[in-house]
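Residue numbers (the working numbering), protein chains in the order written: chain A, 1218 to 1414; chain B, 1218 to 1414. Cβ coordinates follow ideal geometry from the N, Cα and C atoms, glycine included. Reading through the structure tokens given below for one structure.
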DNA sequence: AAAGGCATGTAAGGTGTTACATGATTGT
DNA sequence: ACAATCATGTAACACCTTACATGCCTTT
């Protein structure tokens, strides 16, 4: 029987690194630059996090590093995905969207979507978008209940209802995400028509 | 000269705890329940984070704990804000909104707003909302530049533009936040009229 | 008597943050 | 010669996550 310790799940940073390296082989410094200069930088920060993460991924054999400028004191390590690294990424991209993903890991969800185009085919991307949209509809029911209790509760005079307004922002963010998902779904259907035309 | 080590900034969890305890004195267990059962739970997780955070805040003398059921093996510690705790909270709530806050600490920003009603007066709340709305307008200029480059870059045939769509989601989220801020501003102006009426 | 909620905590482990260190290469 | 950029890393520290431990009190 295939019995091995289940490895801890990958962090957002590790997933971002795998996705970027799948686009093309890259060195640590290249990745630092991407995080510094693009909105992808939302998922990282600094060499102090990136280099250790690359080493972890190499230890897990999801990445393989080949050394350029060998013999020099400052070699440049260029990483590529290993077959099992690609497998891991594709499995990640193909997962179903859970309630927990939407509530606790929405950033990972967006990261996942942004790499899906390179990793999986249209049917899986569309399923992802439908699951996001439908999952949010379910979430909103719970939030509306809380919103109702906040509308009922009376505040001391002079205290402005910022707590309620903050909750409304949360609800609107979810609604915006659902609208985006449905619009993206429609756009991807158009792309399909373009391909045929 | 008043020379003391600048203390590290408070974490989101610590700020949430201070804000909740300012509403009324609470024990660790009460706080756990709030995080488990309300959307405030977004900011925490588990006793394993909450109890150490309470202890840290007590060491800093931002909280003071009084022991109920003393002598028992399982005492109940009820925490209240100290004067300097209240000072710290109010200073936090009164800060100007920076570019960095919007890009890197948007969750803290929402937390801040949700407690502002209890902590500061209308003028500061309205300034906060204006700074959020205007700050986002500036941010969006940079994101639109990136969006332009993504529209120009050609993808390999068959690869769907999920990266671009993800960026569009990010931009729409910011736009939604700005719209919310302006709407909240209008609503708070109405409350002012109600008070006078 | 057992189960479940009240109530507080500790321990191990891993990750991110910040700051620092090092040296090579390229441009002026 | 000097500065900036390329390029990789380490060390200290603090925090969160998960899992576990403990014992009281109330209900069934």
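Review point. Does DSSP put residue 1371 of chain B in a helix, a strand or coil?
Key: coil
Check your understanding: Would you call residue 1378 of chain A buried or exposed, if buried means 16 or more other Cβ atoms sit within 10 Å of its Cβ?
Key -> buried
Check your understanding: Is residue 1408 of chain A helix, strand or coil when you go by DSSP?
Key -> helix
Check your understanding: Is the CB-CB distance between residue 1234 of chain A and residue 1248 of chain A below 9 Å?
Key -> yes
Review point. Alpha helix (DSSP H) containing residue 1313 of chain A: first to last residue?
Key: Per DSSP, residue 1313 of chain A belongs to no alpha helix (DSSP H) and is neither H nor E.
Exercise for review: Under 8 Å Cβ to Cβ from residue 1402 of chain B, same chain only, skipping five residues before and after it: list those, please.
Suggested key: 1343, 1346, 1347, 1350
Check your understanding: Among all the DSSP beta bridges, which residues are the ones paired with residue 1295 of chain B?
Key -> B:1244, B:1283
Review point. With distances taken between CB atoms, is the gap from residue 1328 of chain A to residue 1268 of chain A smaller than 9 Å?
Key: no
**Study point:** Buried or exposed by the 16-neighbour rule on C-beta atoms within 10 Å, applied to residue 1197 of chain B
**Key:** Because chain B in this structure spans residues 1218 to 1414, residue 1197 of chain B falls outside the shown range and cannot be described.
Check your understanding: If we count the other Cβ atoms within 10 Å of its Cβ and call it buried at 16 or more, is residue 1408 of chain A buried or exposed?
Key -> exposed
Point to revise | Rounded straight-line distance, which links the Cα of residue 1365 of chain A to that of residue 1298 of chain B | key: 29 Å
Exercise for review: Answer yes or no: does any C-beta atom of chain B fall closer than 9 Å to that of residue 1397 of chain A?
Suggested key: yes
Practice item. Taking C-beta pairs closer than 7 Å, name the residues in chain A that residue 1408 of chain B reaches, listed in chain order. Key: 1377
Check your understanding: Any idea what DSSP makes of residue 1439 of chain B, helix, strand or coil?
Key -> The displayed coordinates of chain B run from 1218 to 1414. Any statement about residue 1439 of chain B would go beyond what the structure contains.
Review point. Which chain B residues sit within Cβ distance under 7 Å of residue 1209 of chain A?
Key: No statement about residue 1209 of chain A is possible, as the shown extent of chain A runs from 1218 to 1414 and does not include it.
Check your understanding: Nearest to residue 1246 of chain B by CA position, among B:1353, B:1296, B:1229, is which residue?
Key -> B:1296
**Study point:** Interface residues of the stretch 1229–1259 of chain A facing chain B [CB-CB below 7 Å]
**Key:** 1255, 1256
Review point. For chain B, is any of its Cβ atoms less than 9 Å away from the one on residue 1404 of chain A?
Key: yes
Check your understanding: Going along chain B in order, which residues have a C-beta closer than 8 Å to the C-beta of residue 1389 of chain A?
Key -> 1393, 1397
Point to revise | Three-state secondary structure assigned by DSSP to residue 1356 of chain A | key: helix
Check your understanding: Within 9 Å (strictly less), CB to CB, does residue 1358 of chain A reach chain B?
Key -> no
**Study point:** Pair within 9 Å by beta-carbon distance, residue 1394 of chain B and residue 1326 of chain A
**Key:** no
Review point. With residue 1174 of chain A and residue 1230 of chain A assumed to form a contact (beta carbons below 8 Å), what rounded beta-carbon distance in angstroms separates them?
Key: In the structure as shown, chain A begins at 1218 and stops at 1414. Residue 1174 of chain A is therefore absent and cannot be evaluated.
**Study point:** Neighbourhood of residue 1484 of chain A by C-beta, 8 Å cutoff - its chain only, sequence neighbours within 5 removed
**Key:** Because residue 1484 of chain A is not part of the residues shown, which for chain A are 1218 to 1414, the question remains open.
Check your understanding: If we call anything under 9 Å between Cβ atoms a contact, is residue 1277 of chain B one with residue 1224 of chain B?
Key -> yes
Review point. Count the other CB atoms within 10 Å of the CB of residue 1331 of chain A; is the residue buried (16 or more) or exposed (fewer)?
Key: buried
Review point. Going by the beta-carbon positions, is the gap between residue 1337 of chain A and residue 1307 of chain A smaller than 9 Å?
Key: yes
Review point. Mind checking residue 1358 of chain A: buried by the 16 CB within 10 Å criterion, or exposed?
Key: exposed
Review point. Hey, does residue 1320 of chain B have any beta-carbon neighbour from chain A nearer than 9 Å?
Key: yes
Check your understanding: Would you call residue 1265 of chain B buried or exposed, if buried means 16 or more other Cβ atoms sit within 10 Å of its Cβ?
Key -> exposed
**Study point:** Reduced DSSP category for residue 1366 of chain A - H, G, I as helix; E, B as strand; rest coil
**Key:** helix
**Study point:** DSSP-derived helix/strand/coil call for residue 1264 of chain B
**Key:** helix
**Study point:** As assigned by DSSP and simplified to three states, the class of residue 1228 of chain B
**Key:** coil
**Study point:** Cutoff 9 Å: residue 1347 of chain B Cβ touching any chain A Cβ
**Key:** no
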